[in-house]
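Worksheet: the structure to be examined is printed underneath.
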Amino acid sequence: MWMFKAITVLYLSAAVATQDSGEALPVPRVHLQSQWSEIFPPEQVRLRCDVNGKDWTVIWYRDEQEIQTTDTSVILSEDAQNLTLKAEAQTQSGKYSCKGFHKSNASLSTQDSNALQITVHGQKLKPALSVSGDEQDVLVGQSVTFRCGIDVLSSWEYYWYLNDNTVHKSTVDVYTVQSAEEAHNGKYHCKVKRGGVFVSNDSNTVSVKVSDVPKPRVTLVSSWSDVIEKEQVLLRCETDGPDWSFTWFRGGEQLTESPNIKFSDDGGAQLIMSSVTKTLQGLYTCKAEHNANKTSDLDKATQSGSQFMTRPHPHCQRTLL
């Protein structure tokens, strides 16, 4: 009994002496074990408290308030050095730190650890899906670019859906359909994944309609297709919808402006031939190209034609007696 008392007094005296002597106490260190300090449901963040020695009981703090073991959003390892935090509510955000208390003398503690800022979102992300130029009605052969917008910067994986079927995935927020076809008709949305789990809800839905390129029509604006030399001929190339540019041909050869040939300012929709001659006689056709798709293959554009003939201008002859 005397020996037990002596050892106890000796140990307690040594502990008090350590505290009073000014010897440096251990400084725990909090480390981030997972990839991100900002998390969304259903992600988790893992922290570790490293403290020298095995005689310390680790206690965790959030914003200097002790984290209770009854907190169901927190999972502690058996030695409490590892903490796993499940993203459930924004109130879990804060500065996380730890401290060690001596197992045999609870009044003896380590110094405070560093603090790590952890940001927790209580709800999944909501991406914003947009389409280039707000163009949801496109023509066959045109390109369409979608963007899946996320406010938070991270290593996202983007998933793109057409009519609820996955059509593309990438690490960039842009998806481009290079040459639209009828199969690209439908409703598009996107989602984002990180670390193998989806951390977003579905984005808004964008409907895209792909239509065939309309066939242009050549119409005769002036009165007759059978004209007299030196008369004026007006032809017009018409197609459905705005934003078209037109190219004119005679006998398959592309026309350029000349003293007798002019194009109107509305994309060349009207061909103006003044003071026609026999050299301007032939089959006239036009092609239409949409201004939003300058790189399209003109050989694929549709065309229409009109033909006119010329007659010599009559001459009056007067006989003098």
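The sequence shown lines up with residues -18 to -1, 1 to 303 when you count with mature numbering (1 follows the signal peptide of the UniProt record, and there is no 0).
Even for Gly, the Cβ is constructed at its ideal location relative to N, Cα and C.
These figures come from a predicted structure and were not determined experimentally.
(request) Would you tell me roughly how many angstroms separate the C-alpha atoms of Q118 and F22, rounded to the nearest one? (result) 32 Å
(request) Compare the Cα-Cα distances from V12 to each of K77, V102 and A71 and report the closest residue. (result) K77
(request) Look at the alpha carbon of S137 and the alpha carbon of E20, and state the distance between them as a whole number of angstroms. (result) 12 Å
(message) By the DSSP assignment, the beta strand (DSSP E) with D32 in it spans what residues?
(response) Q26 to D32
(request) Please name the residue, chosen from T267, K81 and T153, that lies closest to E48 on a Cα-to-Cα basis. (result) K81
(request) On the DSSP bridge assignment, give the partners of residue 308 in chain order. (result) Missing from the structure shown is residue 308; the chain here goes from -18 to 303 and no further.
(message) For F83, tell me which candidate among H103, D61 and A71 has the shortest Cα-Cα distance.
(response) D61
(request) Report yes if the CB atom of W230 is closer than 7 Å to the CB atom of G249, and no otherwise. (result) no
(request) Helix, strand or coil for S112, going by three-state DSSP, please let me know. (result) strand
(request) Inspect the CB distances between the region 176 to 195 and the region 208 to 217 and report whether three or more fall short of 8 Å. (result) no
(request) Using the DSSP secondary-structure output, state which residues sit across from W42 in a beta bridge. (result) C80
(request) Quick one: using the 10 Å Cβ neighbour count with 16 as the cut-off for buried, is L107 buried or exposed? (result) buried
(message) Looking at the strands, I want to know which residues DSSP matches up with F245.
(response) L253
(message) To the nearest angstrom, how far is the alpha carbon of L217 from that of V120?
(response) 28 Å
(request) Could you pull out every unbroken beta strand (DSSP E) segment of at least 3 residues lying fully inside the region 139 to 206, listed in chain order? (result) 139 to 144, 147 to 152, 156 to 159, 168 to 176, 188 to 193 and 199 to 202
(message) Please report the straight-line C-alpha distance between T52 and L58, rounded to a whole angstrom.
(response) 10 Å
(request) Report the residue from S114, Q124 and V122 whose alpha carbon sits nearest the alpha carbon of C130. (result) S114
(request) Please name the residue, chosen from A110, D133 and L14, that lies closest to W142 on a Cα-to-Cα basis. (result) A110
(request) Grab the span of the beta strand (DSSP E) containing S227 for me, first residue to last. (result) W226 to R232
(request) Leaving aside the five residues before and after N183 along the sequence, list all residues of the same chain whose C-beta is less than 6 Å from its C-beta, in chain order. (result) K106 and K108
(request) Reducing DSSP to helix, strand and coil, say where N87 ends up. (result) coil
(message) Mapping the DSSP letters down to three states, classify L14 as helix, strand or coil.
(response) strand
(message) Along the chain, where does the beta strand (DSSP E) containing E70 start, and where does it finish?
(response) Counting along the chain, E70 falls outside any beta strand (DSSP E), and DSSP gives it neither H nor E.
(message) Could you check whether A162 and H126 sit closer than 7 Å to each other, using their CB atoms as the reference points?
(response) In the sequence on display, residue 126 carries Val and not His. Yes.
(message) Using a Cβ-Cβ cutoff of less than 6 Å, which residues in the same chain neighbour R28 once the five nearest sequence positions on both sides are dropped?
(response) Q15, S16 and T66
(request) Can you give me the Cβ contacts of R44 inside the same chain, cut-off strictly under 6 Å, excluding the 5 residues immediately before and after it? (result) G76 and Y78
(request) Would you please state the rounded distance, in angstroms, between the beta carbons of S185 and K169? I believe it to be under 8 Å. (result) With a Cβ gap of about 11 Å, S185 and K169 do not count as contacting.
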